[in-house]
Every structure is written in structure tokens, then in C-alpha cells.
Amino acid sequence: MHVSSAPRSGQLSVRGRLGYRQSNSLHAPRAFLSKLFSSSDEEDPKPIEMDQTALNPVAMPGKKQRDYTEVAYMTGRAKVVNKYFPTAIGIDDFLNRLEIALYAYGFNGDNSIAMVNLCRDEITVSLKNKIDHVFGSSFNTNGLGGVLTCGVTGVAAGLSHAPVSKGSGKERYVFFSFPHISVDARGEVGTISRPGRPGSSCACGALNKALIDIKVQGVDANCKIPGVHEPLDPEFTILKQRLARRLRYDGLDDGHVSNMNLVDLTKVAERTISDDLNYLISQTVDPQKADYAVVTGVQIHNWGTTFDDESPNLEFIAPAQAYVVVNGFKTQIDLNTMPSLTPRQIRILADTGNMDASQAGSKDDLVCNSTGSSTLREIDPPYLYRSKRENRRKREQAETYSELIQSEGLSPEIACPWPSWQTSLRKQSPQTEQEKGNSAIHFDSKFRTGEELDAMWSKLQSEYVSAGSNKSKSSDPSSPEDS
Ligand SMILES: [Zn+2]
Numbered sequence: 192m193h194v195s196s197a198p199r200s201g202q203l204s205v206r207g208r209l210g211y212r213q214s215n216s217l218h219a220p221r222a223f224l225s226k227l228f229s230s231s232d233e234e235d236p237k238p239i240e241m242d243q244t245a246l247n248p249v250a251m252p253g254k255k256q257r258d259y260t261e262v263a264y265m266t267g268r269a270k271v272v273n274k275y276f277p278t279a280i281g282i283d284d285f286l287n288r289l290e291i292a293l294y295a296y297g298f299n300g301d302n303s304i305a306m307v308n309l310c311r312d313e314i315t316v317s318l319k320n321k322i323d324h325v326f327g328s329s330f331n332t333n334g335l336g337g338v339l340t341c342g343v344t345g346v347a348a349g350l351s352h353a354p355v356s357k358g359s360g361k362e363r364y365v366f367f368s369f370p371h372i373s374v375d376a377r378g379e380v381g382t383i384s385r386p387g388r389p390g391s392s393c394a395c396g397a398l399n400k401a402l403i404d405i406k407v408q409g410v411d412a413n414c415k416i417p418g419v420h421e422p423l424d425p426e427f428t429i430l431k432q433r434l435a436r437r438l439r440y441d442g443l444d445d446g447h448v449s450n451m452n453l454v455d456l457t458k459v460a461e462r463t464i465s466d467d468l469n470y471l472i473s474q475t476v477d478p479q480k481a482d483y484a485v486v487t488g489v490q491i492h493n494w495g496t497t498f499d500d501e502s503p504n505l506e507f508i509a510p511a512q513a514y515v516v517v518n519g520f521k522t523q524i525d526l527n528t529m530p531s532l533t534p535r536q537i538r539i540l541a542d543t544g545n546m547d548a549s550q551a552g553s554k555d556d557l558v559c560n561s562t563g564s565s566t567l568r569e570i571d572p573p574y575l576y577r578s579k580r581e582n583r584r585k586r587e588q589a590e591t592y593s594e595l596i597q598s599e600g601l602s603p604e605i606a607c608p609w610p611s612w613q614t615s616l617r618k619q620s621p622q623t624e625q626e627k628g629n630s631a632i633h634f635d636s637k638f639r640t641g642e643e644l645d646a647m648w649s650k651l652q653s654e655y656v657s658a659g660s661n662k663s664k665s666s667d668p669s670s671p672e673d674s
């Protein structure tokens, strides 16, 4: 791999107030610098202000303008996300800082298993893949909206797959838990344009639906008997009731909830799921036998308003909890006090993590630059779907062929008969099985009737729904009986 040490186009190289060369950064993180240079006669380093002429194409000569404009653009994109999630940083930057911090406490890809809890949405794979790149194949406990439904058996299964250190016999686990949300390039919350799908869809769709349902049905109505769920919709109904119980625990009633938006509920979801995770850890992990780390937050998809448009698709992480428990002692990690890696370092690490580099766009095509507080790199995940650049290239090619067909006077005939081997596979209509009746659905439905069951149900509901509002203030939202 050719790696140039010279600043690439688009990186800033400015001489800071402290007299050293700050390359690739508008300003280094203040908290970090203030620790490095803490003598009393030094005032806090000030961020170097963005030169507004960067935004004016005629005010600057060519190269300088290009350098500033890219940083200005990336900084603007970060600002859109930081409006809703002030601590959010680029996903690569986040994982690189985390890897360094965890390594300092003895965790690495060879001796640890990553336990990853995300929403089932395919777009969360960008985060999973980057975690796998650092820690090897992860054990997933995913659920709709990130809700944890795998229970102690699910978590314990993952832990039992952890590597065991030869000398100490110790196991190491790194727990990740991230609900997700989209804040697109123009700052639209919840909407995302997916590859190959016209219009926009929602992220997180499950959390958005939960918010709508809880607003319509009310908080108390969604606080079902703990653990109870719809047989045909187990994960979503458990998600809703976990959120509703958390809202009630936080003292938020229907009036508060009617003013909540998706950003608010995503933050509630993060707190709920993180607490659930911590409770499951307390029930499954033996700190004498294992060291572990817990890292939670929100994954934010900051994509272009149309998947194939010119806007780079960026991913952010807003960290929430980050701590390690080593030899039974808990230590907090503050990733925001660590400096970001430079764009050059992030490029190198990201390129080595590409599952299929042959499908990725040219490395230099993907923008990677500083936003001041973080370094951001465009994602173009070839392992998920065709890249946006490849999409564009194919479209241009199709237009070319279409013109050629006309200009060369071709008269193509496209015939797609079913191959003969398929006729044997197509004899039965896919409906047939369903018409016969599916035993699993009927089996559960039988329990919907019965006077004894109805009486028991309303008794339990009245206990947990009507009386719940009074009890909830003193109860822990992640108490054992609570799902
Ligand atoms: Zn989702």
C-alpha cells in the first residue's frame, strides 16, 4: 500500500498558538491539550476559528480553497449531528479511540470476545463490521430497536465462547450496545434513503413506531405485566413495554410524551437498554473470573438525502457509558478527552478493514477529514450492498448503452423463458401451506380464550398498570422481575 506522509488534499496544516505544527486538525481537543499543557501561565487553547473565506469560492486561490472547503463541509455535517447529539464523533474515530483505551486495560482482539447488541436493521452492520475488525467475530444479541430479549441464557452463551488467557485463565468480554437513528445530511431526523429503494424510510423504524404507539395508547397502557408479549410480535411488544416502564420510572407522563420526538425517545431507549444490559451482566458475569468492558451509546446514520447522491454517507457514534471492570475494579473511560486519530491514520486503518476492497470505491475517493473535535470518514460498505459509487457508474453505463442501441440502430430482443428445471419447483402455490393452517400460530392462539385466564390477566394488569404509577417511583426499572 502506498502511504504518503505529506498532507493530502483537504487536510489542514496550521501553526497553532503553542508554536508546534498541528497537522490535520482545526484544533486539538481542548480537554486533552489542557492536560498536556497545564502550566498556570498557559490559558486554555482556543479552537482556531474557521476562516469564512473558505466558503467563498472566489475569495481564495484554488488549492487553498479546496483544502478549506472540504474541512468546512465535514465540519458543517458534524454540526448537523451535534445539534441533536453534542458528544457524537465519527464512527472510525470512536472505535480507534476505544481500541486504544481498552488496550491500556488489557483488552484486545486476541483475548476478548465482543458482545454486540444493535437493532436488527441492516444499516447497523457498518458498526458491527468495524467492531469485528477490532475484536474478531462478535456474538450478537440484537433485537428490534436494540431491545434485549436474549436473556441470561443468550448472554451466557456468548460469554462461554470467549477466549481464555493461557497464563491467568481469565476471560475478557467487551459489551457494545447501541440503538440507532438517522439524521440525514440536511438534518432531517429519522429519514433515510436506502440503496435500491425509492423514497425514504425510517431509522429506527421500531423506535419510531413505539413512539407513535405510546403517544396514541398512553404510557400506562403500554406498561404490561412484565415479560408479557404478543406471541406474533414478541420483540416489538417487549420493546414498547420496556420503554413505557422506563418513561414512567423517569416520571414522564402522557403530557411529556406527547412532546417527545424520535431523538428524545432514542436517548430513552439507550438508557433503558443499557440498564437492561448492565442487569444481565450482573446476573451472568463473574468479575473474579473475567474482566469486562461496557460501551454504550447511539449510532447515528448521517447519510445523503438520496443514497446515490453526491453527499458522503457518514456515520457517527454518540458515546454514553464506557467503563472497564478489571480485577473487580470499575474504571470509567472518557473518550472525549482522547485526541482523534489523524485523517491519514483513519484512512489506513479503515482501508485494512474493508472486507472486500475490490468492490470499494477508490480509497482516495472516500472523503476523510477533520471536523475539529473528531475525524470523519465516509462509509461505503461493500459488504452490505453495492457501493453508491458503483451504483452511479452502472447508471452512467446504462445510459451509454441506451444511446448506443439507438445510434448503432440495434434491435435487441430480450427473452427470459423459465428454465425447464424450474417447472418442477413451481407446481405448488406458496399459499398452500398457510391454508392448511400453521400449528405454531394456532397453538398460541388457543390461550387467548378462557374465563380463568381472562380473570388472571385483568388482575395482573390492574396491579401493574393502574397501581404501577404509584409503585414505579421506588422500583428499579431493571429489577429482576421487570422482564
Ligand atoms: Zn432500527
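The sequence shown begins at 192 in this note's numbering and counts up by one. From the three backbone atoms N, C-alpha and C, an ideal C-beta is built for every residue, glycine too.
- CA-CA distance, A347 to Y514, rounds to 20 Å.
- As DSSP reads the structure, C559 sits in a beta bridge with R568.
- The beta carbon of H352 is closer than 7 Å to those of I304 and F330 in its chain, skipping five residues each way along the sequence.
- Within 7 Å of the C-beta of H371 there is at least one heavy atom belonging to ligand 1.
- Counting along the chain, M647 sits inside the alpha helix (DSSP H) bounded by residues E642 to Q652.
- The segment 471-483 makes no contact with the segment 535-545; the number of CB pairs closer than 8 Å stays below 3.
- Distance from the CA of E362 to the CA of K521, rounded to the nearest whole angstrom, comes to 16 Å.
- Across the structure, G488 and L644 are spaced so that their CA atoms are roughly 40 Å apart.
- Short note on C414: C-beta not closer than 7 Å to any heavy atom of ligand 1.
- In the three-state reduction of the DSSP assignment, D283 falls in the helix class, which pools H, G and I.
- Between ligand 1 and the CB of A397, the shortest heavy atom gap is smaller than 7 Å.
- Relative to the Cα of T428, the nearest Cα in the group A397, H492, P277 and T457 belongs to A397.
- Looking at the DSSP output, F330 sits in a beta bridge with M306.
- Per DSSP, reduced to three states, the secondary structure at A269 is helical.
- Close CB contacts of Y483 within its chain, under the 8 Å cut and outside five residues either way in sequence, are with R363, Y364, V365, F366, I472, V476, V515 and V516 (chain order).
- Counting C-beta pairs with one atom in each stretch, the segment 438-445 and the segment 488-498 have fewer than three that are closer than 8 Å, which means they do not touch.
- By DSSP's assignment, D424 forms a beta bridge with E421.
- Looking at the backbone, the Cα of K406 and that of A460 are separated by about 15 Å.
- Under DSSP, R257 shares a beta bridge with no residue.
- I280 and L468 have their alpha carbons spaced roughly 23 Å apart.
- Assignment of G600 by DSSP, reduced to helix, strand and coil, places it in the coil class.
- With 16 or more other CB atoms across the displayed protein chains lying within 10 angstroms of its CB, M265 is buried.
- Here the C-alpha atom of T528 lies approximately 25 Å from the C-alpha atom of N308.
- One thing to note: G349 has its Cβ no nearer than 8 Å to the Cβ of F369.
- Here the alpha carbons of T496 and S384 stand approximately 6 Å from one another.
- Contact between the segment 256-271 and the segment 294-304 is absent: fewer than 3 CB-CB pairs across the two stretches fall below 8 Å.
- In the three-state DSSP reduction, G300 falls in the coil class, being neither helix nor strand.
- Of the residues assessed, A509 falls on the buried side of the cut-off, its CB having 16 or more other CB atoms within 10 angstroms.
- Taking C-alpha positions only, G327 is separated from A541 by approximately 15 Å.
- In this structure, the beta-carbon distance from A435 to N413 falls below 8 Å.
- The residue from G519, P417, L318 and Y275 with its alpha-carbon nearest to that of V486 is L318.
- A buried status is given to H371, since no fewer than 16 other beta-carbon atoms sit within 10 Å of its beta-carbon.
- Taking C-beta atoms as the reference points, A401 and L430 count as a pair closer than 8 Å.
- Following the DSSP letters along the chain, one finds K361 in no alpha helix (DSSP H), marked with neither H nor E.
- Per the DSSP secondary-structure output, L398 pairs with nothing in a beta bridge.
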